[in-house]
Structures are given as structure tokens and as C-alpha cells.
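Residue numbers (the working numbering), protein chains in the order written: chain F, 656 to 1112; chain S, 101 to 417.
The beta carbon of each residue, even a glycine, is placed where N, CA and C say it ideally should be.
Since we're looking at a predicted model, the values are computed, not measured.
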Amino acid sequence: MAEHGCSDESVNRRKYLKALSVGAAAGLAGCTGGGGSETEATESGSGSDGSGGDTETGGDNSGSTWDSELEVLHGWAGGDGEAAVTALIEAFEEEHPEMDTNFQAVGASANVNLNATILRRLANNNPMSSFANWPGKNLERYSGALMDLEADVWDAEGFKDTMQSRAVELCKFNDKMPAVPIGSHRMNNLFYNTAVFEEAGIDASSLDSVDALLDALETIDQNTDVTPMAQAMVAPWTNLQLWAQILTSQSGVEAYMNFIEGNPDRAAVVEALEALKTINENYITADASSISFTTAGQKVISGKAATIHQGNWVYGMFRADDSFNYKEQWDWIPFPGTEGIYFYHVDSIVAPSNNPSREETVAWQKFVGSKKAQIAFNNPKGSVPLRTDIDPSELTDFLAMTYEDLTDSEAYPPTIAHGLAVTPKTMGACKTAFGDNFMGPFKVEATADALIEAVSE
Amino acid sequence: MATHDNTEHVSDATDEAVGWESKLQYFLNSDFVRSAPYWGIPFVLMSIAVYGGIGYNFAISFTDYEGLGTPDYSVLDLEMYAQALSSDAFIAAAQNNLVLLVGFTTICLVLGLFLAILLDHGIRFSEKFQTVYLLPMSLSFVVTAQLWLWMFNVESGILNLVVTTLGFNPVDWLGNPSIALGAVIFALIWQFSGYTMVVYLAGLQSIPDDQFEAARVDGASITRTYLRIIVPQLKEASVSAAVVLMVFALKAFTFLYALVGRYRPPNGTDILATLMVRRAFKFGEWAYSAAIATMLLIMALGVIGPYLYYQYKQGSL
């Protein structure tokens, strides 16, 4: 009885499976057949459309029609960066209202997620239209997968004449020009809280060397309850960045250039590390190792720290606070001992080869280099345009001053902590040098060895 | 119609053809083939998604694949493994991984057992305590990492509030490389000791009360009762909890990544997983990272292997 039931069931199951496979086969055949006829229909349909009135009216509206979606990846996911990229997108959509666009903000913390996403997609041969990244040696990361914009964008728009020559150079890579610069941050800054400097009796304009800075930090430490300097060490790049300023200030631009070009002077490297050690051991907040630069910047705003050294994106942050104003509550000097120097940083928009939307990408990159785009983006971002023909009155006070420095400084050393000066690998090794040896306890000799090995490779 | 054709054919056919046909019929009717749709589909999916992935990772680790482009399989060698084993960063990460694995698992087990024994004594509100202890485990690493980042803050964190109230100097929990790994392990223990507690509690509650009573009648002290009679019976629970904990220790990447929001964790807490992701997605060193991944897999198998063997010996596998 049971056996009978079982075989009966198995027959049923077999029948069921047979029916299922027959059904599936029929479905598959039906689909393919349907697909085939559908394609035919579309083809003939589009053919008739082409001769019909639809396309003609489209042609009347604008000279160009866009077939593909423009997909741009960037890392400006919050704060001033977000405001800047929103302004840029709005301006672009005004210019090309009929284009399908997809702007994606990937992560916020120092491009970590953005770079990983770009690398993964390019390695999987799934490129986007454009992405935000640093030009210069940083492009090594995407070597062999970059589009050449020289003829279609640079020459077509005459950008080589309107952009700063050193920005033009940084956008060249392996005889191609895959990037268009969007803005520059100045790196050699010292921002300070005016009330604290006043209380400690320090005249900021007298700070003309690292020694003067160290004395001033000591005075603040003695005369006030405020921590002399805010430093963020959750990531090692801030130490690398500050060290590069100290090196340049103590031993000159040439020493710094020699270092990034692979001929480091050990004595100069050690001297700068000693000064950085003095600062990190005595004058920074105790929680430096677990905070990011935004938290560090907040400490200057709230008066818990007197000064901070950072790229001038800190300006974008200060400005967001209405009760903390330039020349009133805070002020700026070039990093002591680096007057007349503009430490160079560039943000750019890069296009990968095998581009999914060639026409759209070219139009977008042309827009990125335009006056309209550079002003729209840089004002909220706290950076300055790289075109040489911008009227400074279009920029905010602080940016107008920075822009003037951008156009006439004596030297423009490229930043090491932000991709321009050295390849990503060397930059990684320099960060590791600080990460492994200089997060407290501060080992000067070991760090110097690691730094020299990093650039000498 | 078709059936009719078939019958004709069979009646005309030679013996040999009949034999072949019935063999096929027999084969198609066998349990193996009839059950194929049930095990075959998952088998194929698993092969592609899991074992295919492992195999591809293995293959890449023998190449020199780096940057963008396609891997070159013409030269296969163990260079990446040699490079990793001779690198200080790899050795340090492997050591940290081992410390994390052993330290975290041991302390979690001991603490979990202690809590379970306390709760097993039928204290008031024991169910509520159980929930309180288990709750951290239900939280995502992303949440707990942020929570601990605040608590570890040198100036305003609650841990230093306690430390300074007791009269000690504030401790730089995450900034001091010799303490950072301990701090991370501490945070992970907070999250997972509740889990071990629940596993042990289930084990304890399955032990009949008679044993406690018998021990008391015989005059054994409470400590002795637990050490000699109760704990040895929790072997099964210990092994299964330990395996789950070790696997979590190997997966601590999520916690470390969420802690700082980047691929470089606080100094002194770099583990193989963070090292691997950093080399792969920051520098595009695919082959080198694949070699690290393979060694991490071997480490994980080293943990799971003995457990599987134990299960096999017990006859439950």
C-alpha cells in the first residue's frame, strides 16, 4: 500500500517535472520568438519615427541630442563639498537641461570609498563617464584606463591658454590629458582664533619661522588655558602634511622638491621631524589620535584650541558657522616661514577610457573648465578657480586673497599628502612611515628612515 | 500519437536496443537523477559563487596581477606569498590576528561562563538580565564602533572619566599602539560575551538538578561542584561557542573599518583582513592581496578544521 502510494507519488512528480521542463522550453522558445519579432518591430518603428515629425521637432529644440546617461562619481558627500557640487550640478543642468545625468556621492572620508569604487569598476571594465580625483602623479592609479581629452576639450575650448600653466602640466599624463582641473586649495595655512592670540599676547604677523611658531605655541600654553594647536591624527596624512610645511619652512622649497624627486637630505628630514615631535608632544589636544580634521577644526571654532594647520578647506568649515567670521573671530597667515609660497593642491574631474558616454563626457568636461562652473563650485567649496581670467570680485574676500596669491607667488610646490607630488604607492609608503612610527611615541629616526626609503625607491 | 510510435518501435527493436533503453530508463529513474533538481541547483550555485570565487582568488595569487588590466597567467609562482611572509606589515598583522583570536575567544568564554553561572542561580529578573547582556550582539558593528569611538575619546570619553576619577592619568586608548589592540578586544568582548552566556546558560539548564543535590549531599563545595561536575559537561557548548567567536574574530574588519572610516585601522590593530583590503583597493595590488586572502582562509580553516574533525569523531557529521 505504502509502496504503491510512493510510486504513485513519484509518477506524479515525474509528470510534474516533465510538464515543468516542457513549459520552460516552450516559454524559452516563446520568449526568443517574441524577442525576435519585437526587435523587428522596434527597428521598423524607429525607422518610421526617423522619417516622421518627432525627430524634426527634437532637432528644432537644440542642436544636439544625448543618447547615454552621464554618470559622475565624486566624494563630496557632506558640508561645504556637498554644497559646492550641488551648485556645480545645478549650473550644469541649466546649461544642458535635456541630458540624463547621474551624479553619485561615494562616501565622505578623504576619498577612501570613492577611490576604491573607481578602482573596482575600472578593473571590472565597468567605467563611469567621469570621476573626481587629484591629477598629477595620482593618475598613476588609473594608468592605462584614461581617456584623452586634449583635442576634444582642451584644444576645443582653449583651456591651455586660460588655465594656469602648472595646472595644465598636472593634467597631462602619459602624453594624454585625461583630466580638467576644477579648483585649488592652498595647503600652507595657519588658521588661528584671534581672541586666543590676543589673550596670549601674540602678534601673528611676527610669526615668520618654525622657531617663532614654537615660541608662540609655548606662550599660548603658558599664558592661557587653551590648547595651543589642534591636530587630527586619526589618519597619518595630517602629520605628513604638517611635516612637509615644516620642512619647506626650515630648509626651503628646494629641500622639499629634492625630497619628492627622490634626493632627500636626511638632516633636513630629521630636523623637521624633531620640530613636529615637539609640537605633537607638547602643544596638541590629548585626543588628537582619535579625531578627524573636522573635529579638530571645531576645536578652534569653540576656542578650545588656538591654531590649526590644514588645507584651506577649513575655511569652508569656519564659514558655515555664522558667529565665526574672517578677520573677526578667526584670521589667517601663511604657514610661518612659507610666505610667498603657494603650496599647490588641485581637484580635477577625470575621464576614463572606454567611456560609456563619449559625447556627454566631452560636454561635461568642457563645462567643468568654464568660468561659470569654476565660480559656482569654488565659492562654496572654499577653494579657488584655476582659470587665470576670473574677476576676483566674483569670489568671497578670503578666496579673492587666495586667488591673488595663486596667480602671483614665487613658488608652487605640489602637495605630497594629496596626490600631486608622488605616485600613490610612494604617498602610501610616506603615510605608512608616519602611521607606523609617528603616532606617539614619536620615533624620529625610524620615521626618517622610512620616509627616505619611501621616496628613494 | 507519440505513445503509439514508441510501442511500435520497441516491438521492432533488437534485444540490444531494449537493453540500452531500459538501462537509460533505469538510470533516469534512479534516486540520484530524480533528486537532482533538489541538490543540483544549490550545488551549481555554491560551486560558482563560493568555490569558484575561492579558486579564482587562488589563481590570481600566483600571478603578478596589479593595477588595471587583465591578469597574466603565463607565469605562475609563489612570489607573492614569499613577499608577504617577508614583510613586517604582514607579520605584524598576522600576530595581531592571532592575539585577537586567542585573547578575544578565551576571555569571552570565561566571562560568558561566569555570567551564565550567576544567572543559573535563579536570581531575580534573570530573564531581563539575560536580554540586557545579549542586546549588544544584536547591534551592528557600525553602531558599536561609533559608540566605542566616543567612549575611548581621551578628553571626553566615559572610560577616561572613570579612570581619572580613580586618580589615574587619562589613557590614550586608541592612540597608544600598545593599548589599542587591547581596547578593540575589550569592545568586541562587550559585544559578544552575551552570546557565550546564552550558549552556556542553555547548557547549564539542561543539567538535571539532582547532580547539584547529590554533590551537596556528598559534601562538595560549590566551587568544586562546578569545576568537577558541571563545567566538564559543557564541553559541547564551549566548542560550538568558541568556533562562532573565532570566526567573528577573523571578521573584525567591519568593526575596525567602522571605527575610523578608512582602511588603515588605529596603529597596532592592523589585522590580515584590513591589510588585504588596503593593498587591494587602495593600491590595486590584486595578486598580493589574493595571497594574503588565501593565507587568511588557511587560518580560518585551521580554526574550523579541528572542530569539524571533532564533530566527525562524535559521529554528528
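Asked: Beta strand (DSSP E) segment containing residue 987 of chain F, residue limits; Found: 985-989
Asked: Cβ of residue 254 of chain S within 9 Å of any chain F Cβ; Found: yes
Asked: Residues near residue 865 of chain F by beta carbon distance below 7 Å, same chain, minus five either side; Found: 901, 904, 905, 930, 991, 992
Asked: Beta-carbon proximity list for residue 365 of chain S, same chain, < 7 Å, skipping 5 on both sides; Found: 356, 359, 374
Asked: Candidates F:1019, F:749, F:1100, of which the one nearest residue 835 of chain F by Cα; Found: F:1019
Asked: Cut-off 6 Å between Cβ atoms - residues of its own chain near residue 221 of chain S, not counting five sequence neighbours on either side; Found: none
Asked: Helix, strand or coil at residue 823 of chain F according to DSSP, with G and I counted as helix; Found: helix
Asked: Under the three-state DSSP convention, the category residue 998 of chain F falls into; Found: coil
Asked: Short-range partners of chain F found in the stretch 242-274 of chain S, where Cβ spacing is below 7 Å; Found: 249, 252, 253, 254, 255, 270, 272, 274
Asked: C-beta neighbour in chain F for residue 382 of chain S, strict 9 Å; Found: yes
Asked: Backbone secondary structure at residue 328 of chain S - three-state DSSP; Found: helix
Asked: Status (buried if at least 16 other CB within 10 Å, exposed otherwise) for residue 370 of chain S; Found: buried
Asked: Local conformation of residue 962 of chain F per DSSP, three classes; Found: strand
Asked: Within chain S, the residues that residue 1118 of chain F reaches when beta carbons sit closer than 9 Å; Found: This structure leaves residue 1118 of chain F out entirely; chain F is present only between 656 and 1112.
Asked: Amino acids of chain S, ordered along the chain, whose beta-carbon sits closer than 8 Å to that of residue 890 of chain F; Found: 360, 362, 364
Asked: Contacts that residue 169 of chain S makes with chain F (C-beta to C-beta distance below 7 Å); Found: 799
Asked: Chain-ordered neighbours of residue 942 of chain F on chain S, where CB pairs are closer than 7 Å; Found: 253, 254, 255
Asked: Interface flag, residue 1087 of chain F vs chain S, CB-CB below 9 Å; Found: yes
Asked: Residues of its chain near residue 354 of chain S, where Cβ-Cβ distance is below 6 Å and the 5 sequence neighbours each way are ignored; Found: 241
Asked: Beta-bridge partners of residue 756 of chain F, as assigned by DSSP; Found: F:725
Asked: Residue 947 of chain F at chain S interface by Cβ criterion, 9 Å; Found: yes
Asked: Counted within 10 angstroms of its Cβ, other Cβ atoms place residue 250 of chain S as buried (16 or more) or exposed; Found: exposed
Asked: Length-filtered (3 minimum) beta strand (DSSP E) runs lying within the stretch 813-889 of chain F; Found: 834-838, 844-848, 882-885
Asked: Alpha-carbon to alpha-carbon, residue 227 of chain S and residue 179 of chain S; Found: 56 Å
Asked: Chain-order list of residues whose beta-carbon lies under 7 Å from that of residue 662 of chain F (same chain, five-residue window excluded); Found: Here the model assigns residue 662 of chain F a pLDDT of 44, short of 50, so the residue's position is not dependable, and the following value carries that caveat. Closer than 7 Å at Cβ, skipping near neighbours: no residue.
Asked: Near-chain F residues of the stretch 274-297 of chain S - C-beta to any C-beta below 8 Å; Found: 274, 275, 276, 277
Asked: Neighbour-count burial assignment, residue 1062 of chain F, 16 or more Cβ in a 10 Å radius; Found: exposed
Asked: C-beta neighbour in chain S for residue 925 of chain F, strict 9 Å; Found: no
Asked: Closest by C-alpha distance to residue 388 of chain S, when choosing among S:287, S:376, S:225; Found: S:376
Asked: CB contact check: residue 767 of chain F to chain S, cutoff 9 Å; Found: yes
Asked: Inter-residue spacing [alpha-carbon to alpha-carbon] between residue 120 of chain S and residue 133 of chain S; Found: 17 Å
Asked: Test: residue 1114 of chain F CB closer than 9 Å to a CB of chain S; Found: What the structure shows of chain F is the stretch from 656 to 1112, and residue 1114 of chain F is not part of that stretch, so it cannot be assessed.
Asked: Cutoff 9 Å: residue 771 of chain F Cβ touching any chain C Cβ; Found: The question asks about chain C, but that chain is absent: this structure's protein chains are F and S.
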